[in-house]
Amino acid sequence: MTKLQPLANQYGHDVSTHVPDHPGGVIALQGRDAAIWEQAAPLLAVRDNDAHTLYAYALATSFLAAHPEAEPAIVLPAILLHDIGWSQVPPEEVLSAIAPGGGRPDLVLLHEKEGSRLAAGILGDLGHDAGHTQRILEIIDGHDSRREALGIDDALVKDADKTWRLSPHGLDTVMDWFGLDRGQALRLCSARVHGHLFTDEARAVARAFSAVESASAWDQRRALTGR
Ligand SMILES: [Fe+2]
Ligand SMILES: [Fe+2]
């Protein structure tokens, strides 16, 4: 679990009044996207897909800052809804769909198709722009199986989805999915992510995630744990 509260105040003084409220780079989930999340979350409550979606949303938001030509009203709903189709696959079969050395392409296609169908209902209920909705559904239908990006919006969704694997939460999750230690998960995800991204921003972020996790796996770093 990510540390959210301090374990100590080694300085011994209160510095909280010097902490800015809204510095650049800190992302909120609110408004339209919070409403979409409310609908998506119950459909994502399997194999940590809900937390995966939040982190992928945050990554997509950061990538959008570098791509003014992309459409946030397409990219952000698409990333929030891209995996809701897993809710229609038996939970015990979800991991067999994506396991290394195995894979069930039929289940991957099923979660894409079902995700697109369910997203149409959610976006329709929320009154999302019909033209945007159509492009969101095209992105969801094929987000894993389609090798090429349909355009910059699709590329950012694919890159955010994939880059998550190398994030701290992504590696935590993959370790438990497949019973791997952190170094194994890092090597597996590095092989599956680097060389498979569409944008320079995602490539840089993915490389940085791998670099930080490399240091965490070093014997020299682990020898410092508990100090
Ligand atoms: Fe997916
Ligand atoms: Fe995903």
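Here the numbering used here is used: the first residue of the sequence shown is 12, the next is one more, and so on.
All C-beta atoms, glycine included, are put in the ideal place defined by N, C-alpha and C.
Quick caveat, the model's predicted, so the values are computed rather than measured.
- Of the heavy atoms belonging to ligand 1, none sits nearer than 8 Å to the Cβ of VAL185.
- Between the alpha carbons of PRO111 and ALA196 lies a distance of about 11 Å.
- Around the Cβ of SER127, a 10 Å sphere holds 16 or more other Cβ atoms; the residue is buried.
- Contact check for ASP164 against GLU82 passes: the beta carbons are separated by less than 9 Å.
- In terms of Cβ geometry, ALA130 and LEU118 do not form a close pair [threshold 9 Å].
- Remark: three or more beta-carbon pairs, one from each stretch, lie closer than 8 Å, so the region 200 to 215 and the region 166 to 176 are flagged as touching.
- In the DSSP assignment, HIS122 falls within the alpha helix (DSSP H) that extends over 116 to 136.
- Taking all protein chains in view, the Cβ of THR184 is crowded by 16 or more other Cβ atoms within 10 Å, so the residue is classified as buried.
- By a beta-carbon distance limit of 8 Å, VAL168 contacts ALA89. Their separation comes to about 5 Å.
- Close CB contacts of GLY113 within its chain, under the 8 Å cut and outside five residues either way in sequence, are with SER107 (chain order).
- Exclusion of ASP170 from the 8 Å shell around ligand 1 follows from its C-beta lying no nearer than that to any non-hydrogen atom of the ligand.
- Boundaries of the alpha helix (DSSP H) harbouring TYR68: 60 to 75, taken from the DSSP string.
- In the displayed model, GLU104 falls within a helix according to three-state DSSP.
- The beta carbon of ARG232 sits closer than 8 Å to the beta carbons of ALA226 from its chain, once the five residues preceding and following it are set aside; these are given in chain order.
- SER98 sits buried, since 16 or more C-beta atoms from the chains shown fall within 10 Å of its C-beta.
- Nearest neighbour of LEU121 by Cα position, chosen from ASP152, HIS143 and ARG198, turns out to be ASP152.
- The three-state reading of DSSP puts HIS207 in coil, since its state is none of H, G, I, E or B.
- Judged by DSSP in its simplified three-state form, LEU235 adopts coil rather than helix or strand.
- If you draw a 10 Å sphere on the C-beta of ASN20, you find fewer than 16 other C-beta atoms in it, and that means exposed.
- The closest CA to that of ARG146, considering only HIS29, ASP155, LEU161 and ALA46, is found on LEU161.
- With fewer than 16 neighbouring CB atoms inside 10 Å of its own CB, THR236 falls in the exposed class.
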